[in-house]
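Numbering-wise, our numbering comes out as the position in the sequence shown, counting from 1, plus 27.
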Amino acid sequence: MTPHSKFLACSSLLFTIALCVTGCGFAPQRSAELSTANRSVTIERTAYGIPHIAAANLESLSYGIAYAYAQDNVCQVAQMLVTARGERSTFFGGTTTALFGFRPLPNEQIDTFVAAHMNDAALERSWLAASNDAQALSRGYVAGYNRFLVDNEGKLPAACNGQSWVKPMSLAEYRRATELTLVQASLGAFADAVVAAKPPTPAVKTGRIDSQEQVAAIDANEVRNAMRDIGIVDSPYGSNAWAFGKDVTANGSGVLLGNPHFPWVGNNRFWQMHLTVPGDLDVMGASTALGSMVQIGFNRDVAWSHTVSTGKRFTLHELSLDANDPTVYLIDGKAEPMNSKTVTVRVRHADGTFKDVSHTLWSSRWGPIIVNPRAGLNWNAKTAYALKDANTGNARSTDTWLAFARAKSNQDLLRGMQNLGLPWVNTIAADRAGTAVYADWSVVPDVDADHLKRCAPSAPAAALVNAAGLFVLNGSKSDCDWRKDTQSGVPGLIPTARMPSLTRTDWVHNSNDSFFYTQPDAKWSNISPLVGDDIVRRARTRSGLIEVPDLISRGKITPEAAQRQLFENRNLMARLVLPDLLAACVDGPETARAACTVLRSWNRTNDIDARGAHLFREFWRTASGIKDVYREAYDKARPVETPRGLRMTDAAVASKVWDALSAAAKKVTDAGFALDAPLGQVQRPVFSEEPIAIHGGDDGEGVLNNIGDRAANGITAKGIRIDYGTSYVQSVGFDERGPVANAILTYGQSTNPVSPHVTDQLKMYSKKSWIKLPFHREDVVRERVGEVLTLVR
28 MTPHSKFLAC
38 SSLLFTIALC
48 VTGCGFAPQR
58 SAELSTANRS
68 VTIERTAYGI
78 PHIAAANLES
88 LSYGIAYAYA
98 QDNVCQVAQM
108 LVTARGERST
118 FFGGTTTALF
128 GFRPLPNEQI
138 DTFVAAHMND
148 AALERSWLAA
158 SNDAQALSRG
168 YVAGYNRFLV
178 DNEGKLPAAC
188 NGQSWVKPMS
198 LAEYRRATEL
208 TLVQASLGAF
218 ADAVVAAKPP
228 TPAVKTGRID
238 SQEQVAAIDA
248 NEVRNAMRDI
258 GIVDSPYGSN
268 AWAFGKDVTA
278 NGSGVLLGNP
288 HFPWVGNNRF
298 WQMHLTVPGD
308 LDVMGASTAL
318 GSMVQIGFNR
328 DVAWSHTVST
338 GKRFTLHELS
348 LDANDPTVYL
358 IDGKAEPMNS
368 KTVTVRVRHA
378 DGTFKDVSHT
388 LWSSRWGPII
398 VNPRAGLNWN
408 AKTAYALKDA
418 NTGNARSTDT
428 WLAFARAKSN
438 QDLLRGMQNL
448 GLPWVNTIAA
458 DRAGTAVYAD
468 WSVVPDVDAD
478 HLKRCAPSAP
488 AAALVNAAGL
498 FVLNGSKSDC
508 DWRKDTQSGV
518 PGLIPTARMP
528 SLTRTDWVHN
538 SNDSFFYTQP
548 DAKWSNISPL
558 VGDDIVRRAR
568 TRSGLIEVPD
578 LISRGKITPE
588 AAQRQLFENR
598 NLMARLVLPD
608 LLAACVDGPE
618 TARAACTVLR
628 SWNRTNDIDA
638 RGAHLFREFW
648 RTASGIKDVY
658 REAYDKARPV
668 ETPRGLRMTD
678 AAVASKVWDA
688 LSAAAKKVTD
698 AGFALDAPLG
708 QVQRPVFSEE
718 PIAIHGGDDG
728 EGVLNNIGDR
738 AANGITAKGI
748 RIDYGTSYVQ
758 SVGFDERGPV
768 ANAILTYGQS
778 TNPVSPHVTD
788 QLKMYSKKSW
798 IKLPFHREDV
808 VRERVGEVLT
818 LVR
C-alpha cells in the first residue's frame with residue numbers, strides 16, 4: 028500500500044467512525060480505535076489551497092483548523108501573539124510601528140495599551156460563560172497551533188524561522204488575541220488616546236482651564252478628521268451584501284452575494300475553509316485570523332455575509348472633577364477616586380540594549396480615561412472623558428457563528444444571534460426556502476433617545492454627535508449608565524427585539540450605511556440613535572440602491588447574474604459629476620485641458636482597461652471635499668439622486684475644482700504614468716511585486732467593487748498599491764443537492780511569499796474569474812490535491 032493510499036484509507040475510516048459516533052444508536056465504545064478516531068482530524072486540500080477539515084468532534088476540528096491555518100500563515104499568528112503578550116517593543120523596538128486593528132501604531136503604545144487593558148482573570152470568567160462547544164473550539168485551536176510548531180521546528184518560513192518571539196500559544200493568549208479583534212472598532216481604536224491620558228499639571232490646575240471652552244474651540248471638521256484617522260467614522264473598511272428571495276430568483280431558492288472590503292495585510296485577512304463534523308455541522312466559507320469557526324459562508328440550507336454596521340460600540344462619559352484633585356470625579360455629588368495602573372514595557376533599542384519604561388494609566392467606573400485633543404477630548408482641571416466599551420469581554424461570538432454553521436433556515440440564524448455575540452457587523456442572509464434576511468443584531472449599548480436627552484453632557488460635548496458620531500453621556504450621574512433590560516441576551520446591550528431586522532421574499536442589501544435604506548419599502552421606528560439614522564452617507568449605498576433594482580429589472584436573479592453586476596465596476600460619482608465638469612472644460616485653464624480630454628474619453632468604469640479611472644480618483648479625492656461643490660446638495664427626500672453635479676457656475680467653487688484637476692494631473696504624471704494609462708497598469712497589490720492588474724474603485728467613488736490604498740493614499744511611482752478592499756467574495760444559490768457556491772479570495776490563502784497560494788486567486792480576480800467551491804463530499808474527493816493529512820491530538 029502506498030503512503031497516499033494509506034492516508035486515504037485512514038481518512039475513510041475516520042469518516043465512517045465519526046458518522047457512527049454521531050449518528051448510530053449505540054453507546055460510545057472505549058476501544059483504542061474509537062478513542063483515536065475521537066482525537067483525529069483530517070485535512071484535505073483542493074485547488075487554491077482550500078482546506079477541507081473533518082473530525083468527530085469540535086475540539087479535534089479546531090485542532091485541525093489551527094494546524095492548517097499555520098501551514099499557510101504561521102508567522103502571522105506568531106506576530107499576533109507577540110502583540111497579545113504585549114512584547115512588541117521587546118523584540119522589534121518601541122518606535123517601530125505595527126498594525127493594531129486597522130491602523131499602524133508605535134510598538135510601545137501598543138504594548139502599553141495591551142498591558143493596561145488585559146485582565147486574564149476577567150477574560151477567563153467571560154469564556155467560562157460561553158458554551159462547552161465554544162470552549163472546546165478554543166482549546167483545540169491552541170493545541171493545534173502548538174502541534175504545528177513542534178512538527179515544524181526549524182522549518183518555518185524565513186520571516187519567523189528560528190526567531191525567539193515564536194512561542195507556543197496559551198489559552199490565555201488566545202483569549203487576549205480574540206479580545207483585541209473584538210475591540211478594534213471601539214476601545215482598541217483609542218489605544219493611543221488611553222496611553223496619552225495624563226492628569227493635568229499643577230500649572231494647568233491653577234490656570235483653571237475651562238474644558239467647555241476647549242471643546243468649543245475645536246472645529247467640527249477637525250473632530251471628524253481626527254475620528255476618521257482612527258477609523259471611527261468614514262472607515263474605508265466595510266462590505267456589500269445582497270440577499271434575494273423567492274419572488275425574484277430564477278428557481279425560487281435564495282441567492283446571496285457577499286463582498287467584504289477588508290485589509291489585504293494583517294490580522295483581518297480572511298482565510299477559506301470547509302469544516303465537517305458528521306451529524307453536527309457541514310459549513311464552508313472564510314474567517315479572519317484565529318477564527319475557529321466560519322464567519323462568512325454557507326451550509327446546506329443557508330448562506331450569509333456580514334457588513335460593518337453603523338451601530339456604536341461604546342459611549343463616552345464626561346466626568347466632572349473634584350476642584351482639588353483632577354484624579355477624583357463626582358458621582359451623584361460624591362467624590363470617587365479614579366483607578367491608576369502602572370505598567371512596565373521592556374523596550375529594545377537599536378544597539379541591542381533594553382530599558383524598562385513605565386506608564387501610569389487611569390480609569391473610572393465607566394472605563395479608561397482617554398485624551399484626543401483634536402476631538403476636544405481633553406483632561407484638565409474640571410473635566411475628563413472616559414470610554415465604556417460594549418465589546419470588552421465579549422466571548423459570545425464563537426457561539427453565534429457556531430449557531431450559523433448549524434442553521435437550517437434564516438430563522439435559525441436569527442435565533443443564533445440572540446446572544447448578541449456579533450461585535451460590529453450586520454448580517455445579510457438567504458436560505459434554500461427563498462427568504463432574504465437583514466439584521467443588525469450586533470453589540471450596541473442600550474441607550475435610547477430619551478436616555479440621551481436625560482443624560483446630556485455639556486453643550487460642546489453634545490455637539491460631538493453631529494461632528495463625528497460620538498455619543499457623550501453625563502458621567503456624573505450613576506443613573507446615566509446603560510439600561511439593563513432583562514429581555515436582552517446581555518443586559519446593558521440593546522435586546523434584539525429593539526434592533527432592526529427584516530425577513531422578506533424579494534431583496535435586502537447593505538453597503539455600510541444604516542438599516543434605514545436596507546430596503547426602500549421598509550418602515551422603521553423606535554430604533555436607538557446609537558444604531559443608526561436615516562442619512563445616506565456612502566456613495567456605495569446609492570450604487571446598491573440603483574444597481575440591485577436594475578439587476579432585478581433585467582430578469583430573475585441567479586448567482587452568476589449577481590457576480591457580473593458586482594464586477595461591472597461602474598463609477599457612480601463620475602457619472603454624476605463629469606457632465607458638468609466636461610461642459611466647463613471649454614473655458615477651463617490650460618493646466619486642465621489634457622485631463623479634460625482623457626476624462627471625456629473614459630468609459631466611467633474601473634475595469635483594468637479603463638483609461639482615465641486613476642486620474643478621476645486622484646481628482647475626486649480632493650474635489651469631493653470642496654465646500655459647496657455640488658450643484659444639487661444632499662436632499663434627504665432624494666438620497667439616491669443627490670448630491671450630484673458640480674457648481675461650475677460659482678467662480679470660487681470652479682477655481683478650486685480646476686485646482687484639484689490640475690493637481691491630480693500633475694500627481695499622475697509626476698508618478699510616471701500617462702493620464703490615459705489603463706487602470707490595470709496603475710493598480711497593483713501592495714503585498715507582491717508581480718504585475719497583476721487590479722480592477723475596482725474607491726469607496727468615495729461609489730464603485731461597489733471597492734478597493735483602495737489606505738497606507739499610501741494616492742498614486743506614487745509604484746502606482747496605486749492596493750492594501751484593502753474586496754477580499755473574500757462569495758455568491759451562493761441552492762439546487763436540489765444543496766448549495767451552489769462560487770467565490771474568490773483576492774489575496775490568496777497564504778502570507779508565506781514562497782507559497783503558490785499568495786497570488787493565485789488574485790490572478791483569477793484580475794480576470795473576473797470565480798472558483799466553484801467543492802462542497803459535497805464527492806466533489807471534494809474528485810478535486811482533492813495532494814495527500815490527506817491525518818492528525819491525532
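All C-beta atoms in this analysis are idealised placements derived from N, C-alpha and C, irrespective of residue type, glycine included.
It should be emphasised that the depicted structure is a prediction, and the values quoted were computed from it without experimental measurement.
By Cβ distance, which residues of its chain are closer than 6 Å to Asp138, with the 5 residues on each side in sequence left out?
Sequence index remark: in the sequence shown, residue 138 carries index 111 (1-based). Excluding sequence neighbours, Asp138 sits near Gly113, Arg115, Ser116, Val372.
Using C-beta distances below 7 Å, list every residue in its chain close to Arg564, excluding the 5 sequence neighbours before and after it, in chain order.
As a working note, residue 564 is residue 537 in the sequence shown. Excluding sequence neighbours, Arg564 sits near Asp540.
Return the residue from the list Asp147, Ile358, Cys612, Glu135 that minimises the CA-CA distance to Ser689.
Locating residue 689 in the sequence shown gives position 662, where the first residue counts as 1. That would be Cys612, whose Cα lies nearest to the Cα of Ser689.
May I ask which residues mark the beginning and end of the beta strand (DSSP E) holding Arg748?
Translated into the one-based positions of the sequence shown, residue 748 becomes position 721. For Arg748, the uninterrupted beta strand (DSSP E) run begins and ends at 747-749, by DSSP.
Mind checking Arg174: buried by the 16 CB within 10 Å criterion, or exposed?
To locate residue 174, count along the sequence shown from 1; it is residue 147. Label assigned to Arg174: buried.
So, are the CB atoms of Phe700 and Val713 less than 7 Å apart?
In the sequence shown, counting from the first residue as 1, residue 700 sits at position 673. In the sequence shown, counting from the first residue as 1, residue 713 sits at position 686. Contact flag unset, no.
Between the CA atoms of Asn553 and Glu763 - distance to the nearest angstrom:
Residue numbering aside, residue 763 sits at position 736 when the sequence shown is read from its first letter. Residue numbering aside, residue 553 sits at position 526 when the sequence shown is read from its first letter. Looking at the two C-alpha atoms, the distance is approximately 41 Å.
So, do the segment 402-416 and the segment 343-350 have three or more beta carbon pairs nearer to each other than 8 Å?
A contact between stretches requires three or more CB pairs, one per stretch, nearer than 8 Å, and the segment 402-416 meets this requirement with the segment 343-350.
Do three or more CB pairs link the segment 733-747 to the segment 668-679 at distances below 8 Å?
No: fewer than three Cβ pairs fall under 8 Å.
For Thr334, which of Gly279, Ala270, Met365 has the nearest alpha-carbon?
Reading the sequence shown from its first residue, position 307 is the one you call residue 334. Distances from the CA of Thr334 to each of Gly279, Ala270, Met365 were compared; the closest alpha carbon is that of Ala270.
Please identify the residue among Ala125, Lys683, Asn493, Ser796 whose C-alpha is closest to the C-alpha of Gly293.
Here residue 293 corresponds to residue number 266 of the sequence shown, with the count starting at 1. Nearest option by C-alpha distance: Ala125.
So, is the C-beta of Trp685 closer than 7 Å to a C-beta in chain D?
In summary, chain D is missing from the structure at hand, where a single protein chain is found.
With burial defined as no fewer than 16 other Cβ atoms inside 10 Å of the residue's Cβ, what is the status of Pro364: buried or exposed?
Along the sequence shown, read from residue 1 onward, the residue named residue 364 stands at position 337. Exposed is the call here.
Quick test of the definition: if touching needs 3 or more C-beta pairs under 8 Å, does the segment 719-729 touch the segment 777-793?
Yes, the segment 719-729 touches the segment 777-793.
Cβ shell of Gly394 (< 7 Å), same chain only, five flanking positions each side left out
The residue given as residue 394 occupies position 367 in the sequence shown. The answer, listed in chain order, is Ala413, Leu414, Lys415, Asp416.
Going by other Cβ atoms of all chains shown within 10 Å of its Cβ, with 16 needed for buried, is Lys33 buried or exposed?
Your numbering for residue 33 matches position 6 in the sequence shown. Confidence at Lys33 is low in this model, with a pLDDT of 37, below 50, so its placement is unreliable and the value that follows should be read with caution. It counts as exposed.
Can you give me the C-alpha to C-alpha distance between Glu200 and Ala588, rounded to a whole angstrom?
As a first step, residue 200 must be located in the sequence shown, where it is residue number 173. As a first step, residue 588 must be located in the sequence shown, where it is residue number 561. When rounded, the distance between both Cα atoms is 44 Å.
Looking only at DSSP bridge pairs, what is Lys799 linked to?
Numbered from 1 along the sequence shown, position 772 holds the residue referred to as residue 799. Lys799 pairs with Asn769.
Quick one: measure Cβ to Cβ for Phe127 and Ala220, integer angstroms, because I've assumed they're closer than 8 Å.
Taking the sequence shown and counting its residues from 1, the one referred to as residue 127 is at position 100. Taking the sequence shown and counting its residues from 1, the one referred to as residue 220 is at position 193. No, Phe127 and Ala220 are not in contact; Cβ-Cβ is about 13 Å, not under 8 Å.
Following the continuous alpha helix (DSSP H) through Asn437, name the residue where it begins and the one where it ends.
Taking the first residue of the sequence shown as 1, we reach residue 437 at position 410. Residues 437-443.
Of all the alpha helix (DSSP H) runs that stay within the bounds of the segment 392-453, which reach a length of 4 or more residues?
Runs of the alpha helix (DSSP H) inside the segment 392-453: 424-433, 437-443.
With 16 other Cβ atoms within 10 Å as the buried cut-off, status of Asp246
Counting from one through the sequence shown, the residue named residue 246 turns up at place 219. So Asp246 ends up on the exposed side.
Are the segment 560-577 and the segment 604-619 in contact at 8 Å, needing three or more beta carbon pairs?
With a cut-off of 8 Å on Cβ pairs, the segment 560-577 is not in contact with the segment 604-619, counting fewer than three such pairs.
Is it right to say Asn267 is buried, meaning 16 or more other beta carbons lie within 10 angstroms of its own, or is it exposed?
Here residue 267 refers to the residue found at position 240 of the sequence shown. Burial of Asn267 is indicated by the presence of at least 16 other C-beta atoms within 10 angstroms of its C-beta.
Can you list, in chain order, the residues of its chain with a C-beta nearer than 7 Å to that of Leu429? Leave out the 5 residues immediately preceding and following it.
Taking the first residue of the sequence shown as 1, we reach residue 429 at position 402. Excluding its 5 nearest sequence neighbours in each direction, Leu429 has C-beta neighbours in its own chain below 7 Å: Asp160, Ala161, Met320, listed in chain order.
Consult DSSP for Gln299 and reduce its assignment to one of helix, strand or coil.
Translated into positions along the sequence shown, residue 299 becomes position 272. Assignment of Gln299 by DSSP, reduced to helix, strand and coil, places it in the strand class.
Assuming the contact rule is C-beta atoms closer than 8 Å, Gly760 and Val767 should be a hit. Round their C-beta distance to whole Å, please.
As a first step, residue 760 is located in the sequence shown; it is residue number 733 there, counting from the start. As a first step, residue 767 is located in the sequence shown; it is residue number 740 there, counting from the start. The distance from the Cβ of Gly760 to that of Val767 is about 5 Å, consistent with a contact at the 8 Å cut-off.
Using CA atoms only, rank isn't needed, just tell me which of Thr337, Pro229, Asn100 is closest to Arg296.
By one-based count along the sequence shown, residue 296 stands at place 269. Comparing alpha-carbon positions, the option among Thr337, Pro229, Asn100 lying closest to Arg296 turns out to be Asn100.
Can you give me the start and stop residues for the beta strand (DSSP E) that Leu688 sits inside?
By 1-based counting over the sequence shown, the position of residue 688 is 661. For Leu688, there is no enclosing beta strand (DSSP E); the enclosing alpha helix (DSSP H) covers residues 678-697.
Would the beta-carbon of Ala422 fall within 7 Å of that of Ser796?
Residue mapping note: residue 422 aligns to position 395 of the sequence shown, counting from 1. Residue mapping note: residue 796 aligns to position 769 of the sequence shown, counting from 1. Not in contact: Ala422 and Ser796 (Cβ atoms no closer than 7 Å).
How many Å lie between Tyr661 and Thr743 at the Cα?
By 1-based counting over the sequence shown, the position of residue 661 is 634. By 1-based counting over the sequence shown, the position of residue 743 is 716. The alpha-carbon atoms of Tyr661 and Thr743 are separated by roughly 33 Å.
Helix, strand or coil: which one does DSSP assign to Met311?
Here residue 311 refers to the residue found at position 284 of the sequence shown. Annotated three-state conformation of Met311 is strand, per DSSP.
In terms of alpha-carbon separation, which member of Gln98, Phe802, Gly571, Ala434 lies closest to Asn598?
The residue labelled residue 598 in the question sits at position 571 within the sequence shown. It is Gly571.
If I measure Cβ to Cβ from Thr228 and keep anything under 6 Å in the same chain, skipping five residues before and after, which residues do I get?
Position 201 of the sequence shown holds residue 228. Cβ within range, chain order: n/a, list empty.
Starting from Pro229, trace the alpha helix (DSSP H) both ways and give me its first and last residue.
Within the sequence shown, residue 229 is the residue found at index 202, counting from 1. That run of the alpha helix (DSSP H) goes 229-234.
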